[in-house]
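*Asks:* Encoded as structure tokens, here's the structure I'll be asking about.
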Ligand SMILES: *Cc1c(COP(=O)(O)O)cnc(C)c1O
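Numbering (the working numbering), first residue to last: 20 to 874.
Spelled out as structure tokens, the structure:
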């Protein structure tokens, strides 16, 4: 039984303030809860719900009779109300208006959401990004509804044993103690989402709802009495377990997620989503469930027609350029789970499902069902998370669009961003407000930072370093006790780290490509850096490794044991249990944020963005976002040895480059002081970083990019194919089938060009004729193009320009003449060819069907 605190009317808004997670990025609301009991606030890890449930009768009376407190509660409640109702950017931009409609709902699926440390439903960057996406969407008024799973034990809590080996524990969360409410039917009974499973069994789930500002987040939880004991554990851990658990989690996330959205829309009269965005492949079954709805429901579409309807409104974001990081299942496991006649997704035969995730392309593995590949087949719009990652993804998945140059593979990119309200330390905001006026807009804090006196900025940065050191000492003490030290031996911890020393941060998941131990490639050289009597550096490290990743754990152990070396003890420290709470202290307290992944395996990386927003400089390999936005003055690029095949030698070279940068550039710049002790050159770089990089790395910018470049076009496409009883989807499906039937007969028989002299000159006009066989395809339904560009030695074209040719003659037997003209605009060696492509008004890219024919 869970007894809720009953509050008198004057205090009752505290309940809404505690359950709307907007408090997690709204300092005045946090201060309000902290003020109730500052000690408890710290002990509970800054948890408003815990503060409220701790209140006893006499506390409530005391607060209710404190007129100042009651007034602050009312002010905070009014502020929240304003935040929730005021028109925002989204509405100012027309809300995706199209033929009289506006886009009212976008579903956003993610296996993890990192919103606040008190709701630990994340493992790393993917989840933090999802949390920041929801928060920024809320700030901008973008009507997103999040869908995920509720993991009773979250990811895991990390500590180390005496040997420095990672120990995992799984503290159990009670949803009643969290800012969650159960989604209930009108009669008060909890909503139950049911999935049919093999052999007549089922997987049931309840739906928890969190509120992230304006954005609802639905989390499915399999810990329901009607499940058998094993199924109750399906959602017990994030990325835990083996066997079928992960598959069943993903079935619940995708299929159950769509059903939860339907229940939510029905009960709360919320609009049904038009656009479905999946953050990585894990939620891919959501598309299959929507196909099933269209096949078995009123629409009565065929599977092919339903695929076209679903694709139009689906956006898929891929996140990993590491092949091993792609989510795949055994084909057999899919066949077992979906092969039953009473399977989880009626109307979609298992062979059709298997086709969607099949690696039936060059280099693919036929025994695997690939969730990213299904994401691409079920999403008309696909993107990576930085420009470089977009390019890497086009190359990695080009097998799905054979015959096309890698540049034409229809995968774009939106570079990730971070939520300033969550990640910028409030001391920096306060500093800006003190000097620039309290009504300064969030963005202007960055662009106008140079107006803040440099001495004041530097003093604040020292406070932030001190705040980090206090936090780090207390974490380190606990860690050493857990590793078997007695309090009596730990006196040294009181003097660990120094607020005037150049502080380097390095924290991230223990994935191998992140190369945690690169910095200790030459331990003596590193020791010299930290022990320099005049110009020392100190390094704070953190990060968890997946429990099953012994390689990652071994790297962490190597690092932890190195920090025990008396030569570096207290100067290089490893803090256990990297999470949002630690991160919020760590980024602001650092001067330099180090990142040395193996290029190009960092899809984007976001921790460096958070550090930059807090006045740190990045020292990083040119990978992910840094490859895009490093400008020579906002930090340093560690040279990569990309082409070097031998990984050991590559690490040697890159580590040497890192040391050299630190010794020759970073450290000297930091310690170069003017007569007031201010590192002017350093702070110039910081100020430049904040004003130029600041606005770009914001999640505001990211969600606006998604909205304008993906959500609105996807909504328009979805409406277009759904109009008039799905006429567009039926037509496109019919066209695709016809194209597939005829494509083997499509040929470019002959091409010629008139007006092409032996010595072509700029300005010459040439006219091109192509004789093309199309089988039964109507010439008006294909695109015939002349592609011309610079020809290089191996006969490939670069800088290609395309000229559309038009049909001018048919022989009545499927052969057609196309022609067009082009005026030469370039010099040098030119090459040209002609190609035939499918063309349909509901296709979004020429390469969409992966079909092209060349002479
Ligand atoms: C930002 C963040 C991450 C992701 O950092 P990357 O640089 O993308 O690896 C992981 N964990 C926490 C707690 C974070 O705040």
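By construction, the Cβ of each residue, glycine as well, lies at the ideal position given by its N, Cα and C atoms.
What is the DSSP secondary structure of residue 404, counted as helix, strand or coil?
*Replies:* coil
*Asks:* Have a look at 690, 758, 512 and 489 and flag the residue whose alpha-carbon is nearest the alpha-carbon of residue 797.
*Replies:* 758
*Asks:* Give a yes or no on whether the C-beta atoms belonging to residue 409 and residue 403 are separated by under 8 Å.
*Replies:* yes
*Asks:* One question on the structure: do residue 474 and residue 695 come within less than 8 Å of each other, judged by their Cβ atoms?
*Replies:* yes
*Asks:* Is there contact here, the segment 168-185 with the segment 309-328, by at least three beta-carbon pairs under 8 Å?
*Replies:* The way I'd put it, the segment 168-185 doesn't touch the segment 309-328; fewer than three beta-carbon pairs between them come closer than 8 Å.
*Asks:* What did DSSP end up calling residue 243 once you bin it into helix, strand or coil?
*Replies:* coil
*Asks:* Measure the alpha-carbon distance for residue 840 versus residue 784 and round it to whole angstroms.
*Replies:* 7 Å
*Asks:* Please classify residue 860 as buried or exposed, where buried requires at least 16 other C-beta atoms within 10 Å of its C-beta.
*Replies:* So residue 860 ends up on the exposed side.
*Asks:* Measuring only the C-alpha atoms, how far is residue 564 from residue 66?
*Replies:* Between residue 564 and residue 66, the C-alpha separation is close to 26 Å.
*Asks:* My guess is that residue 719 and residue 158 are in contact by the Cβ rule of under 8 Å, so how many angstroms apart are they, rounded?
*Replies:* With a contact defined as Cβ atoms closer than 8 Å, residue 719 and residue 158 qualify at about 7 Å.
*Asks:* With distance defined between alpha-carbon atoms, name the residue in 458, 773, 599 and 673 nearest to residue 534.
*Replies:* 673
*Asks:* Are three or more beta carbon pairs between the segment 582-592 and the segment 512-524 nearer than 8 Å?
*Replies:* yes
*Asks:* Spell out a yes or no on whether the segment 567-587 and the segment 606-621 are touching, meaning 3 or more CB-CB pairs, one atom from each, closer than 8 Å.
*Replies:* no
*Asks:* Identify every residue that forms a DSSP beta bridge with residue 615.
*Replies:* DSSP lists no partner for residue 615.
*Asks:* Decide if the segment 194-202 is in contact with the segment 223-234; the criterion is three or more beta carbon pairs, one per stretch, under 8 Å apart.
*Replies:* yes
*Asks:* I need the straight-line Cα distance from residue 869 to residue 420, nearest angstrom please.
*Replies:* Between the C-alpha atoms of residue 869 and residue 420 there is a straight-line separation of about 4 Å.
*Asks:* Please indicate yes or no: does the CB of residue 626 lie closer than 7 Å to some heavy atom of ligand 1?
*Replies:* yes
*Asks:* DSSP state of residue 495, grouped into three classes?
*Replies:* helix
*Asks:* Which same chain residues end up closer than 8 Å to residue 471 when comparing Cβ atoms and leaving out the 5 residues on each side of it in sequence?
*Replies:* 450, 451, 454 and 455
*Asks:* Hey, out of 389, 647 and 339, whose CA is closest to residue 407's CA?
*Replies:* 647
*Asks:* For residue 527, name the three-state secondary structure that DSSP assigns.
*Replies:* coil
*Asks:* Determine contact between the segment 326-334 and the segment 294-312, defined as no fewer than three beta-carbon pairs at a distance below 8 Å.
*Replies:* yes
*Asks:* Is the beta carbon of residue 50 closer than 8 Å to that of residue 70?
*Replies:* no
*Asks:* Have a look at 436, 46, 39 and 764 and flag the residue whose alpha-carbon is nearest the alpha-carbon of residue 834.
*Replies:* 764
*Asks:* What are the start and end residues of the beta strand (DSSP E) that includes residue 597?
*Replies:* Where residue 597 is concerned, there is no enclosing beta strand (DSSP E), given that its DSSP letter is neither H nor E.
*Asks:* Within its chain, find whatever has a CB closer than 8 Å to the CB of residue 728; leave out the 5 residues flanking it on each side and keep chain order.
*Replies:* 431 and 433
*Asks:* Find the nearest neighbour of residue 291 within the set 277, 41, 299 and 304, judged by alpha-carbon distance.
*Replies:* 277
*Asks:* Is residue 258 near ligand 1, with its Cβ less than 7 Å from a heavy atom?
*Replies:* no
*Asks:* In chain order, what residues of the same chain have a beta carbon less than 7 Å from the beta carbon of residue 459, not counting five sequence neighbours either side?
*Replies:* 451 and 452
*Asks:* Considering only C-alpha positions, which residue in the set 566, 637, 633 and 865 is nearest to residue 175?
*Replies:* 566
*Asks:* Below 6 Å CB to CB, which residues in the same chain sit around residue 16 once its five sequence neighbours on both sides are set aside?
*Replies:* Coverage of the chain is limited to positions 20 through 874, which leaves residue 16 absent and any answer about it impossible.
*Asks:* How long is the line joining the alpha carbons of residue 462 and residue 604, rounded to whole angstroms?
*Replies:* 21 Å
*Asks:* With DSSP as the reference, identify every bridge partner of residue 790, one or two as the case may be.
*Replies:* 769 and 836
*Asks:* One question on the structure: do residue 874 and residue 801 come within less than 8 Å of each other, judged by their Cβ atoms?
*Replies:* no
*Asks:* Strictly by DSSP, which residues pair up with residue 127?
*Replies:* 165 and 296
*Asks:* Since residue 586 sits in a beta bridge, which residues does DSSP pair it with?
*Replies:* DSSP lists no partner for residue 586.
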